[in-house]
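Asks: Take 47 as the starting number for the sequence shown in the numbering used here and just add one per residue.
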Amino acid sequence: MVVLLIGPPGSGKGTQSARLKQWLGIPSISTGDMLRHEIEEKTALGLEAEKVINKGQLVDDGLVGKMLMARLATPECANGYLLDGYPRTVSQAKFLSQFLESTGRPEPLVLHLEVPSSLLIERISARWSCPRCGHIYNVLNSPPRALGICDDEGEALTQREDDRPEAIRERLDAYQEWTEPVVEYYAKAAYCKIDGNHPPNAVFAAIENCVNQYRLSEDH
Ligand SMILES: [Zn+2]
Numbered sequence: 047m048v049v050l051l052i053g054p055p056g057s058g059k060g061t062q063s064a065r066l067k068q069w070l071g072i073p074s075i076s077t078g079d080m081l082r083h084e085i086e087e088k089t090a091l092g093l094e095a096e097k098v099i100n101k102g103q104l105v106d107d108g109l110v111g112k113m114l115m116a117r118l119a120t121p122e123c124a125n126g127y128l129l130d131g132y133p134r135t136v137s138q139a140k141f142l143s144q145f146l147e148s149t150g151r152p153e154p155l156v157l158h159l160e161v162p163s164s165l166l167i168e169r170i171s172a173r174w175s176c177p178r179c180g181h182i183y184n185v186l187n188s189p190p191r192a193l194g195i196c197d198d199e200g201e202a203l204t205q206r207e208d209d210r211p212e213a214i215r216e217r218l219d220a221y222q223e224w225t226e227p228v229v230e231y232y233a234k235a236a237y238c239k240i241d242g243n244h245p246p247n248a249v250f251a252a253i254e255n256c257v258n259q260y261r262l263s264e265d266h
């Protein structure tokens, strides 16, 4: 089966994707990781992408699509796959639909993890790390013993630029902007909205439910 997992930063998407991958026995593919891998391995597509990135431009749909098709044709993907963070545009979604049809795959199951923005900002901005040992603390659920100080060697904790509330708001706005049209595109497909504002086990139970219903209804 083919699963698309959509969710904002801080929604616990990584955790759920890892569990789904294990449960369904299919690989989880993130186009961001795929791009980094191709660049590291210096493949033809990787070198092409690197040139674009070095010019400060965004890698276009065509190139991402080519990478993805090559990856999805590998034996590892024979029983299906989970796509994490793709498609990000309606044109990528259309491309994916054509690709699935041409490879004899059914429509994907779209899992849309939703968490209120205010909660995401609270969750992400709770992350602080130690510049000396790299230990990551979360002031909400794994705080250091003394506020703002690393337990190991007493170093003052710092926050990643990306994890500051202002930066998170920007990331969430960008996410909202690309998600809306993509979700609309899949509105008539096998689409499940999942309330991500619950403990990970409860969120996964809701995901399992959707997957089971999808299997029953479409006989996948
Ligand atoms: Zn430390």
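Beta carbons: idealized from backbone N, C-alpha and C, even for Gly.
#1: Between the segment 227-247 and the segment 201-208, do three or more beta carbon pairs fall short of 8 Å?
#2: Residues around ligand 1, please: the ones whose beta-carbon is closer than 6 Å to some heavy atom of it, in chain order.
#3: Could you please give the first and the last residue of the uninterrupted beta strand (DSSP E) stretch that includes Glu160?
#4: Between the alpha carbons of Leu93 and Glu84, how many angstroms are there, rounded?
#5: List, from N- to C-terminal side, the beta strand (DSSP E) runs of 3 residues or more that fit wholly inside the segment 85-155.
#6: Any chance the CB of Glu94 is under 8 Å from a heavy atom of ligand 3?
#7: Mind reading off the beta-carbon distance from Arg215 to Ile167? Whole number of angstroms is fine, and I expect it under 8 Å.
#8: Nearest-angstrom Cα distance between Ser63 and Glu199?
#9: So within the segment 48-74, which uninterrupted alpha helix (DSSP H) runs reach at least 4 residues, ignoring any that extend past its ends?
#10: Kindly indicate the opening and closing residues of the alpha helix (DSSP H) around Tyr231.
Replies: Let's see:
#1: Verdict: no, contact absent.
#2: Look at which beta carbons fall closer than 6 Å to any heavy atom of ligand 1; those residues are Cys176, Arg178, Cys179, His181, Cys196, Asp198, Glu199, Glu201.
#3: DSSP places Glu160 in the uninterrupted beta strand (DSSP E) bounded by 155-160.
#4: Each residue's Cα considered, the two are about 8 Å apart.
#5: Within the segment 85-155, complete beta strand (DSSP E) segments of at least 3 residues are found at 127-130, given in chain order.
#6: Annotation note on ligand 3: not contained in the displayed structure, which lists ligand 1 as its ligands.
#7: Contact between Arg215 and Ile167 holds: their C-beta atoms lie close to 7 Å from each other, under 8 Å.
#8: Note on geometry: alpha-carbon atoms of Ser63 and Glu199 lie some 34 Å from one another.
#9: Counting whole runs of 4 or more residues, the segment 48-74 contains the alpha helix (DSSP H) stretches 59-70.
#10: Residues 211-231.
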